[in-house]
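*Asks:* From first to last, the protein sequence lines stand for chains A and B. Just so it is clear: in the first sequence, position 53 is 53 by the working numbering, and no numbers are missing. Just so it is clear: in the second sequence, position 116 is 116 by the working numbering, and no numbers are missing. For every residue, glycine included, the Cβ atom is placed at its ideal position computed from N, Cα and C. Quick one: structure below, then a few questions.
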Amino acid sequence: MHWYEWFALAALAICLISFAHHFFRLLKLGKPRDYSARAGSTTRGIVYSFTAGMNPRNKESAFLHLPTYTAGVIFHVATFLSIVMFFLLLSGLECSRLICILLTLAAFSGAAAGVGIFIKRLTDNKLRRLSNPDDYISNMLVTLFQLFTGLVLLNNGLYPAYMIVAGLLFIYMPAGKLKHAIYFFAARYHLGLFYGWRNVWPMKKP
Amino acid sequence: MEKITKDKIECGLEVLKRLQDSKLISHLNSCVHCGLCADSCLYYLATGDERMIPAGKVDMVSAIYRRYCTITGKVFPALVGARELDDTNIREMVDLLYGACTMCGRCVKHCSIGVDIEYVIRTGREMLAKMGYVPESLQATVDAALTSGNNMAIPDEDFLDTIEWMEEELQDELNDPTATIPINQPGKNILYTLNPREPKFFPLSISAMAKIFYAAKESWTLSTGMYDVTNYAYFSSHPGHSRIIAQRMYDELQKMQAKKLVLAECGHGARANRWEGPNYIGREFPETVTSVELIAGYIKSGRIRPDRELNREVVTLHDPCNLVRSGGIVKEQRYILKNTVKNFVEMTPHGMDNFCCGGGGGQLAMSEYNDRRIKIAGIKAEQIKKTGAAIVATPCHNCVDQLSQINVTYRLNVQIKTMAEIVADSLIIEHP
Ligand code: SF4
Ligand code: SF4
């Protein structure tokens with residue numbers, strides 16, 4: 001293995017250890033005790049929270065902002081695929097040409113979406129006001145990671161640069177908002193638990 | 001504003017550091033600053049003020065959490081936008097968390113991630129309350145409840161006079177001298193509560209509910225010991241104060257040996273007693289239901305017989321946020337209206353997506369923010385206008401108060417009524 005592969009792996013290990021710490025802390029702290037008489041099903045609330053509760057038709061953050069919402073979905077799907085690709089590349093496993101083309105397209109689409117989100121953050125007054133350096137750095141690192149995933153699939157010579165970008169991303173992930181990779185699930189779990197208990201979710205039609 | 005001291009800072013931070021479960025850290029670490037919640041909040045929609053987007057309010061709390069409770073925030077605060085708990089930020093917190101949020105929870109449903117924005121705002125209010133920064137007018141309302149037993153500090157004699165007067169009205173209306181508004185009678189099926197606005201300003205809603213109980217042949221009582229359904233400490237978010245008020249309700253229920261606590265029409269009162277009360281005092285309440293659920297049950301079971309022909313005007317419904325979004329009561333009020341009025345029209349949007357009237361979150365008690373409260377109500381005024389309704393029904397006395405004010409300001413020319421009043425108007429009373 002080359003030094004840049006060791007670097008990326010070490011960064012990944014740091015990231016995973018940190019995420020594991022957050023995850024086990026959440027598990028250890030557990031869920032809140034509720035003394036009120038339960039009115040609904042927490043299981044159904046949690047299932048709803050991760051399914052229909054995220055339906056774009058039910059959320060103004062999605063249906064009032066379709067371009068941004070779509071860019072966000074592409075960005076996140078491409079991030080997931082790029083991480084899968086990282087392991088494939090590192091393991092030296094070859095994938096079929098068709099899959100390679102699809103992954104390249106996905107990575108570039110993700111990077112394009114990332115650039116779009118970055119520009120929106122820079123130019124939209126209320127977003128700029130809300131943002132801190134971490135928002136820009138996180139966006140930039142993930143976008144670069146996707147861009148290099150696409151590029152390395154086209155040109156193997158960029159492999160060392162790709163590994164360095166991946167390593168930087170992994171080191172940075174636990175430091176800022178990218179922790180939401182864990183906390184997103186925790187937040188939706190708690191929301192489902194809360195609204196399920198009160199029989200607010202699954203949502204009733206008036 | 002009094003300057004912050006080290007002790008106060010510690011008091012405030014204690015709230016963030018107190019991790020008794022994973023809920024708080026989950027929501028404090030989840031916001032990705034996408035800003036997509038902005039258009040779900042009536043404050044931002046009505047004012048266009050970028051400070052007022054829900055995520056900005058969340059950030060007032062989470063930025064302090066990052067500064068004192070995360071490694072990155074301690075070492076590189078500027079990188080993650082971490083903030084000190086200092087005078088400037090406290091001033092901004094008071095203005096945004098108390099003065100620019102009705103705790104309606106509308107943004108929560110629409111947040112792209114699932115951050116419980118309202119819960120984080122309430123946590124921020126708790127920090128401020130523990131440090132002694134509750135807006136004066138809100139604190140005065142809480143203090144009135146703590147010292148007198150009801151948030152309007154109505155003396156018992158005045159309360160009893162009003163009840164007596166309403167009882168006479170009831171007897172006249174029903175033409176039955178035996179019709180009563182029972183008071184301080186232990187062992188009844190129901191201990192009924194009131195919003196102190198009723199005896200103070202809207203006593204007819206008491207006789208309306210008494211008429212419904214009469215028609216249903218219910219065994220019920222009021223109690224001078226504790227009839228106030230509200231808990232304004234839920235708005236100030238002072239845990240000690242909210243506990244005292246909730247405990248009082250629990251104790252009264254035990255003392256009166258009633259089987260069931262019925263909560264008068266009050267959105268936050270329903271939430272504070274049905275859902276938060278047991279958690280404030282750390283024990284389950286006996287059966288607790290809202291009057292909306294009770295009345296819907298009476299109609300369903302045939303215990304009362306309404307006649308829709310007696311309410312012929314166009315009626316629309318304003319859903320109180322706490323009843324709907326935090327209590328899951330959506331169908332009951334509609335069931336009641338569909339059975340008691342001839343022409344019922346919905347607002348757009350309604351139910352889970354309904355906009356707050358602007359009076360929630362303690363806004364009605366905070367005179368400091370009156371202008372803002374009336375301005376944000378423009379959204380509700382537009383909603384009402386578009387229905388063309390002559391009557392706005394709402395199961396919440398705080399909403400009645402706010403809607404009555406916007407009725408005048410925005411020249412809506414409608415009548416505002418509680419559900420009990422609508423139902424009472426439609427009742428067919430069978431005399432034995
Ligand atoms: S709870 Fe309501 S008022 Fe408060 S930020 Fe959310 S939408 Fe705005
Ligand atoms: S929609 Fe949710 S995640 Fe996005 S900025 Fe608002 S609170 Fe944060």
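1) With a Cβ-Cβ cutoff of 8 Å, do LYS260/B and ILE183/B count as a contact?
2) Look at the Cβ atom of THR104/A, then the Cβ atom of LEU169/A, and state whether they are nearer than 8 Å.
3) Using the three-state DSSP reduction, which class does ILE181/B fall into: helix, strand or coil?
4) Figure out for me which residue from LYS31/A, ALA52/A and PHE86/A has the closest Cα to the Cα of SER22/B.
5) With respect to 7 Å, is the separation between the Cβ of CYS107/B and the closest non-hydrogen atom of ligand 1 below this value?
6) How long is the line joining the alpha carbons of ARG67/B and GLU287/B, rounded to whole angstroms?
7) Tell me whether LEU27/A, by its Cβ, gets closer than 7 Å to a heavy atom of ligand 3.
8) Could you give the first and the last residue of the continuous alpha helix (DSSP H) run that contains PHE118/A?
9) State the DSSP-derived secondary structure class of TRP197/A, mapped to helix, strand or coil.
10) Interface residues of chain B around ALA175/A at Cβ under 7 Å?
11) Check whether the region 415 to 422 of chain B touches the region 332 to 351 of chain B, taking contact to mean three or more Cβ pairs, one atom from each stretch, closer than 8 Å.
12) Who are the Cβ neighbours of ARG128/A in its own chain at under 8 Å, not counting the five residues just before and after it?
13) Anything in chain B within Cβ reach of SER49/A, meaning under 8 Å, just list it in chain order.
14) Grab me the residues of CYS111/B's own chain with a C-beta within less than 7 Å of its C-beta, minus the 5 sequence neighbours each way, in chain order.
15) Report yes if the C-beta distance between VAL115/B and ALA187/A is below 8 Å; otherwise report no.
16) With which residues is LYS260/B paired in a DSSP beta bridge?
17) Report the rounded CA-to-CA distance for ALA423/B versus LEU170/B, giving the unit in angstroms.
18) So is LEU127/A in contact with chain B if we call contact Cβ pairs under 8 Å?
19) Between which two residues does the alpha helix (DSSP H) holding LEU138/B run?
20) How would the residue list near ligand 2 read, in chain order, if you kept each one whose beta-carbon is closer than 6 Å to any heavy atom?
21) LEU50/B to SER40/B, Cα distance in whole Å?
22) Kindly indicate the opening and closing residues of the alpha helix (DSSP H) around VAL73/A.
23) Which ranges would you report for the alpha helix (DSSP H) in the region 12 to 99 of chain B if only whole runs of at least 4 residues count?
24) Between ASN195/B and GLY269/B, which are expected to be in contact by the criterion C-beta below 8 Å, what is the C-beta distance as a whole number of angstroms?
25) Have a look at the DSSP bridge pairing and note the partners of TRP220/B.
26) What is the DSSP secondary structure of PHE159/B, reduced to helix, strand or coil?
27) Mind listing the chain A neighbours of MET352/B? Cutoff is C-beta to C-beta under 7 Å, in chain order.
28) Could you spell out where the alpha helix (DSSP H) holding LYS386/B opens and where it closes?
29) For ASN343/B, does the three-state DSSP call read helix, strand or coil?
30) Ligand 1 and MET103/B: does the residue's C-beta get closer than 7 Å to at least one heavy atom of that ligand?
31) What is the C-beta distance between ARG44/A and GLY196/A, in whole angstroms, given that I count them as a contact (C-beta under 8 Å)?
32) Kindly list, in the order they appear in chain B, the residues whose Cβ is closer than 9 Å to that of LEU64/A.
33) Buried or exposed: which applies to ASN311/B, given that a residue is buried once 16 or more other Cβ atoms fall within 10 Å of its Cβ?
34) If you pair each beta-carbon of the region 205 to 220 of chain B with each one of the region 242 to 256 of chain B, do three or more pairs fall below 8 Å?
35) Let me check understanding here. Comparing Cα to Cα, which of ALA377/B, ILE163/B and LEU412/B lies closest to ILE391/B?
36) According to DSSP, is LEU130/A helix, strand or coil?
*Replies:* In brief:
1) Between LYS260/B and ILE183/B, the C-beta spacing is not below 8 Å.
2) The criterion of a C-beta distance shorter than 8 Å is not satisfied by THR104/A and LEU169/A.
3) Reduced to three states, the DSSP call for ILE181/B is coil.
4) Closest in alpha carbon position to SER22/B, among LYS31/A, ALA52/A and PHE86/A, is LYS31/A.
5) Between ligand 1 and CYS107/B, a heavy atom-to-CB distance of less than 7 Å is present.
6) Put simply, the backbone Cα of ARG67/B is about 43 Å away from that of GLU287/B.
7) You won't find ligand 3 in this model; what it holds is ligand 1 and ligand 2.
8) PHE118/A -> alpha helix (DSSP H) spans 97 to 123.
9) Three-state result, TRP197/A: helix.
10) Within chain B, the residues THR72 have their CB atoms less than 7 Å from the CB of ALA175/A, given in chain order.
11) They touch, by the three-pair rule.
12) Counting only Cβ-Cβ distances below 8 Å, and skipping sequence neighbours, we find ARG121 and LEU122.
13) Simply GLY114.
14) Around CYS111/B: CYS37 and ILE117.
15) Going by C-beta atoms, VAL115/B is nearer than 8 Å to ALA187/A.
16) Per DSSP, the beta bridge partners of LYS260/B are ILE190/B.
17) The residue asked about is misnamed: residue 423/B is Val in this sequence, not Ala. When rounded, the distance between both Cα atoms is 15 Å.
18) At a cut-off of 8 Å between beta carbons, LEU127/A contacts chain B.
19) Residue range 136 to 148 is occupied by the alpha helix (DSSP H) that includes LEU138/B.
20) Residues with a Cβ closer than 6 Å to any heavy atom of ligand 2, in chain order: SER61/A, CYS31/B, VAL32/B, HIS33/B, CYS34/B, GLY35/B, LEU36/B, CYS37/B, PRO54/B, ALA55/B, VAL58/B, CYS111/B, SER112/B, ILE113/B, VAL115/B and ILE117/B.
21) Note on identity: in this sequence residue 50/B is Glu, with Leu being the wrong assignment. Cα to Cα, GLU50/B sits roughly 13 Å from SER40/B.
22) Element bounds for VAL73/A: 66 to 91.
23) You should have 23 to 28, 42 to 47, 54 to 69, 71 to 75 and 87 to 93.
24) About 6 Å separates the beta carbon of ASN195/B from that of GLY269/B, a gap short enough to meet the 8 Å contact definition.
25) Paired residues: ILE190/B.
26) Correct three-state label for PHE159/B: helix.
27) The contacting residues are MET203.
28) Judged by DSSP secondary structure, LYS386/B falls within the alpha helix (DSSP H) whose first and last residues are 378 to 387.
29) Here ASN343/B sits in strand by DSSP.
30) In this structure, MET103/B has its beta carbon less than 7 Å from a heavy atom of ligand 1.
31) With a Cβ gap of about 6 Å, ARG44/A and GLY196/A count as contacting.
32) Those within 9 Å of LEU64/A in chain B are LEU36, ASP39, SER40 and HIS110.
33) Under this definition ASN311/B is a buried residue.
34) These segments do not touch.
35) Sorting ALA377/B, ILE163/B and LEU412/B by C-alpha distance to the C-alpha of ILE391/B places LEU412/B at the top.
36) In the structure shown, LEU130/A sits in a helix (DSSP, three-state: H, G or I).
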